[in-house]
Amino acid sequence: MNRTDLVIPAIAGILTALLGVLVVNVESAPLLSGDSPAQRVSHWTMETPPTPFSVSAQNLLLADCETVLANPDALPLRYLEDDVRAGIPATCRAIAENILHSTPASGYGWLIVALAAIQEGDEATLNAAIRMSRATAPAEGWIAEDRLMLAEQHFAALEPETLATYEDDIRLLVQTARVDRVAALYAQNPQARDRIGAIVESLPPRAQQRFVGALERAWTGP
């Protein structure tokens, strides 16, 4: 064995170790920038974090953004500087768009784009992003659930094509264990009852029975 036979594996090992350190840093550093979603996202307004390599790490960033965007009047956000607070939608939209650049099929990424867009008054992007979220994640119940809540909250802004997405999400959720969320929406929002009821009535009897059971639970409570 000559010297080269020893050196090349050693160099390869060092490079592998360095790459591993880089990956760990990119994956974890953004999540170490604060103790809560509000703290982390406010830090990201000053420095947009790099896009993680793994989908699981990407989703952690998106989850922080969703928590903050979905609750803009939450107590932790009230104590942020006005310029920081105002920069959150654009920051989270940039994070989501960066993730979509590397993972175009991230239905969660598209959902965050939609959430950020409506806070920026961008109804066109809200609609397009909701549709893309559904197109890339048609069977992900946890994404469909949040997508439905967003669509319901801004129902008046939905375009006809987006209404079809809204209806598809209801059909999906009613036929899964997440039916309780649709039933709760029906019980709590009188304006939604006619449209939800019409969709449920178009489903097979078993799905209708599932919804009725969930609705009884929603009316009576735990």
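Our numbering runs 545 ahead of the 1-based position in the sequence shown. Ideal placement from N, C-alpha and C gives every residue a C-beta, glycine not left out.
Inter-stretch contact at 8 angstroms, needing at least 3 Cβ pairs: the region 709 to 726 / the region 674 to 688: Yes, since at least three Cβ pairs between the region 709 to 726 and the region 674 to 688 fall closer than 8 angstroms, the two stretches touch.
Buried or exposed (CB count within 10 angstroms, at least 16 for buried), residue 616: Around the CB of residue 616, fewer than 16 other CB atoms lie within 10 Å, so the residue is classed as exposed.
Distance cut-off 7 angstroms: residue 662 Cβ against heavy atoms of the ligand GDP: Only the bare structure without any ligand can be found here, which leaves the ligand GDP out of the picture.
C-beta contact flag for residue 663 and residue 586 at 8 angstroms: Taking 8 angstroms as the cut-off, the Cβ atoms of residue 663 and residue 586 do not count as close.
Selected residue, minimal CA-CA separation from residue 606, among 630, 631, 653, 626: Across the set 630, 631, 653, 626, the C-alpha of 653 shows the shortest separation from the C-alpha of residue 606.
Between the CA atoms of residue 749 and residue 670 - distance to the nearest angstrom: Whole-angstrom Cα-Cα distance: 34 angstroms.
Cβ neighbours of residue 754 in the same chain (closer than 8 angstroms, five flanking residues each side left out): So no residue of the chain qualifies.
Top-ranked residue by Cα proximity to residue 597, from 635, 644, 620: Closest by C-alpha distance to residue 597, out of 635, 644, 620, is 644.
C-beta neighbour in chain C for residue 622, strict 8 angstroms: Here there is only one protein chain, and chain C is not present.
Cβ pair residue 691, residue 718 closer than 8 angstroms: Between residue 691 and residue 718, the C-beta gap is not smaller than 8 angstroms, which leaves the two residues out of contact.
Residue closest to residue 626, alpha-carbon to alpha-carbon, out of 666, 661, 611, 583: Nearest to residue 626 by alpha-carbon distance, out of 666, 661, 611, 583, is 583.
Coarse secondary structure for residue 609, derived from DSSP in three states: Residue state, collapsed to three classes: helix.
Cβ neighbour criterion (16 or more within 10 Å) applied to residue 591: Per the 10 Å Cβ criterion, exposed.
Reduced DSSP secondary structure (H/G/I, E/B, other) of residue 694: Annotated three-state conformation of residue 694 is helix, per DSSP.
Whole-Å CB distance - residue 661 paired with residue 637, under 8 angstroms assumed: Contact check for residue 661 and residue 637: beta-carbon distance about 5 angstroms, within the 8 angstroms limit, so the pair qualifies.
Selected residue, minimal CA-CA separation from residue 697, among 628, 612, 729: Closest by alpha carbon: 729.
Residue 625 (DSSP reduced to helix, strand or coil): When DSSP states are grouped into helix, strand and coil, residue 625 belongs to the coil group.
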